[in-house]
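Chemist: With the UniProt record's numbering, you'll find the sequence shown wraps up at 364, consecutive numbering, no jumps.
The structure under discussion is supplied below as structure tokens; questions concerning it will follow.
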Amino acid sequence: MDVEAERNAIDLETLNRTIEDAKEHGNAFFGILGGEPFMHPELLDLLAAHPDAYFQVFTNGQFITDKVARRLRQIGNATPLISIEGREMVSDARRGKKDVFNKTIRGLEACLREGILTGVATSVCQTNIDELCNEAWLRELIARGVHYCWFHTYRPVGPKMNPQLALTPEQLVRVRRFVVEMRAKVPIAIIDAYYDGEGRALCPMSTGISHHVNPKGEIEPCPIIQFATENIRDSRGIFATMRDSAFLRDFRELSAQHTRGCVVLERPDLVKDLVVKHGARDTTMRGTAMAELEAMTPRFSQWLPGEEIPEQHWMYRWAKKYWFNDFNAYTKADHDSTVQRKTRELVAAGAREASEREAELVKG
Ligand code: SF4
């Protein structure tokens, strides 16, 4: 997301038309990301227009006043997922502003006072892993009344990549183990987006679980692949536009062939090839997405063969079996073949490099 660029927002009519079309074709669950969704002047009107759909709103919580929270409860079809990146100091440093943490907590409390289903999301990185990936933090969230949380991991992409903040392979496994163990121990729901019930990695874009629409209406494979060949304003409607998109299909299939992990982190060269092949346009306001892609070096992602950690809790095993798995996206892929070995080698090299870097840090 280009947070420093001029603001863009999709108008209410286009949003309503898009959601209506998606609902007609059986999709009734939508994630709304930003920028900051609560800065959209018609967000609540949008939610109110679709009582037969459910929305998860990814937010920093700072614009959720008591009045907004009350309206959210009255509308009744949205769960705010509030981003908390650390306790006070870390959170303010990550967001580059003062008092972020307190404002976020005020938004969180407003939601909880209204009895809204509310979650807390954390992008785990070097500066917050020790502080937030522990049972005490989960117990604190439970004591506050938070219903669920989501730990995803920081990905160094975009104009200001911070690879030094990214987790090492060992830390990625540590986060996965923490999530699996806490699910079986602590009474709070924990969401993740990168593993099936057996602990095998997956990519929500490759598996077709989700694609992303940016603030200009451009349909991107996922939020960090900021290229598109189609827009939601296409007169065919979003269902036909996405179904017939050779660009999206190629992205799903090519990345599934090469990795169960994140194609952007592991194979930026493949992403570039696909963008060039389809003549896709840069969908950022800054217009530098290709240069950013070219500046990336391949690194490991959630796909760490041999490190799979299956779910311990029966409910997650059961839920993932039916509702969150790879949906056979990798059935045709042979991740041991010569072609896919290249990805595995790059992943291994990236993992080695990270381990060495970590060892250096420990020594230093
Ligand atoms: S390409 Fe990477 S960031 Fe995008 S959905 Fe897949 S795993 Fe997530």
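Heads up, the beta-carbon is just placed ideally off N, CA and C, and yes, glycines get one too.
Just so you know, these numbers come straight off a predicted model, no measurement behind them.
Tell me which residues share the same chain as Phe29 and place their Cβ nearer than 6 Å to its Cβ, disregarding the 5 neighbours each side in the sequence.
Modeler: Tyr54, listed in sequence order.
Chemist: Assuming the contact rule is C-beta atoms closer than 8 Å, Ile10 and His50 should be a hit. Round their C-beta distance to whole Å, please.
Modeler: The Cβ separation is near 15 Å, so there is no contact.
Chemist: With DSSP collapsed to three states, give me the class of Asp11.
Modeler: In the structure shown, Asp11 sits in coil (DSSP, three-state: anything other than H, G, I, E or B).
Chemist: In chain order, what residues of the same chain have a beta carbon less than 6 Å from the beta carbon of Ile142, not counting five sequence neighbours either side?
Modeler: Once the five neighbours on either side are set aside, the close Cβ partners of Ile142 are Ile188.
Chemist: When we look at the beta-carbon of Gly145 and count the other beta-carbons within 10 Å, is it buried (16 or more) or exposed?
Modeler: So Gly145 ends up on the exposed side.
Chemist: May I ask you to check if the CB of Arg155 is nearer than 7 Å to at least one heavy atom of the ligand SF4?
Modeler: Answer for Arg155: yes, Cβ within range of the ligand SF4.
Chemist: Do you know offhand how far Ala184's Cα is from Ala280's?
Modeler: Approximately 44 Å between the Cα atoms of the pair.
Chemist: Going by beta carbon distance, what residues of the same chain come within less than 8 Å of Thr288, once the five residues before and after it are set aside?
Modeler: So the list reads Pro159, Asp282, once near-sequence residues are dropped.
Chemist: Would the beta-carbon of Ile224 be found less than 7 Å away from any heavy atom of the ligand SAM?
Modeler: Looking at this structure, you won't find the ligand SAM anywhere; what it does contain is the ligand SF4.
Chemist: When you compare only the Cα positions, how much space is there between Leu304 and Phe38?
Modeler: Leu304 and Phe38: Cα-Cα distance of roughly 37 Å.
Chemist: Quick check: Leu346 and Glu266, are their CB atoms within less than 8 Å of each other?
Modeler: Yes, the pair counts as a contact, with Cβ atoms nearer than the cut-off.
Chemist: Can you give me the C-alpha to C-alpha distance between Ser210 and Asp21, rounded to a whole angstrom?
Modeler: Roughly 16 Å separates the two Cα atoms.
Chemist: Between the C-alpha atoms of Leu44 and Ile32, what's the straight-line distance to the nearest angstrom?
Modeler: One C-alpha to the other measures close to 12 Å.
Chemist: Please determine if the stretch 192-201 and the stretch 220-234 are in contact, where contact requires at least 3 C-beta pairs separated by less than 8 Å.
Modeler: The answer is no - the stretch 220-234 does not touch the stretch 192-201, with fewer than three Cβ pairs under 8 Å.
Chemist: Between which two residues does the alpha helix (DSSP H) containing Phe101 stretch?
Modeler: 100-113 is the extent of the alpha helix (DSSP H) around Phe101.
Chemist: What do you get for Ser301, buried or exposed, if any count of 16 or more other CB atoms within 10 angstroms of its CB means buried?
Modeler: The residue in question, Ser301, is buried, as its Cβ has 16 or more Cβ neighbours within 10 Å.
Chemist: Scan the stretch 224-303 and note each continuous beta strand (DSSP E) run of 3 residues or more that stays entirely inside, going in chain order.
Modeler: You should have found no qualifying run.
Chemist: Taking just the CA atoms, how far does Val213 sit from Glu8?
Modeler: Checking the sequence, you will find Asn at residue 8 rather than Glu. Distance between the alpha carbons of Asn8 and Val213 is about 12 Å.
Chemist: Using the rule of at least 16 other Cβ atoms within 10 Å of the residue's Cβ for burial, across every protein chain shown, is Asp2 buried or exposed?
Modeler: Unreliable placement is indicated for Asp2, whose pLDDT of 40 sits below 50; no coordinate value is reported for it.
Chemist: Taking 7 Å as the line, does the beta carbon of Cys149 fall inside it for any heavy atom of the ligand SF4?
Modeler: The answer is no for Cys149.
Chemist: Any chance the CB of Ser245 is under 7 Å from a heavy atom of the ligand SF4?
Modeler: No - the ligand SF4 has no heavy atom lying nearer than 7 Å to the Cβ of Ser245.
Chemist: Exposed or buried, which one is Glu4 when buried takes at least 16 other CB atoms within 10 Å?
Modeler: Low local confidence applies: a pLDDT of 42 at Glu4 is under 50, so the model's placement there is unreliable, and no value is given.
Chemist: So, under 8 Å CB-CB, His152 and Ser123 are touching, yes? Tell me the CB distance rounded to an integer number of Å.
Modeler: His152 to Ser123, Cβ: 6 Å. Contact.
Chemist: So for Tyr154, helix, strand or coil by DSSP?
Modeler: In this structure, Tyr154 counts as coil in the three-state DSSP scheme.
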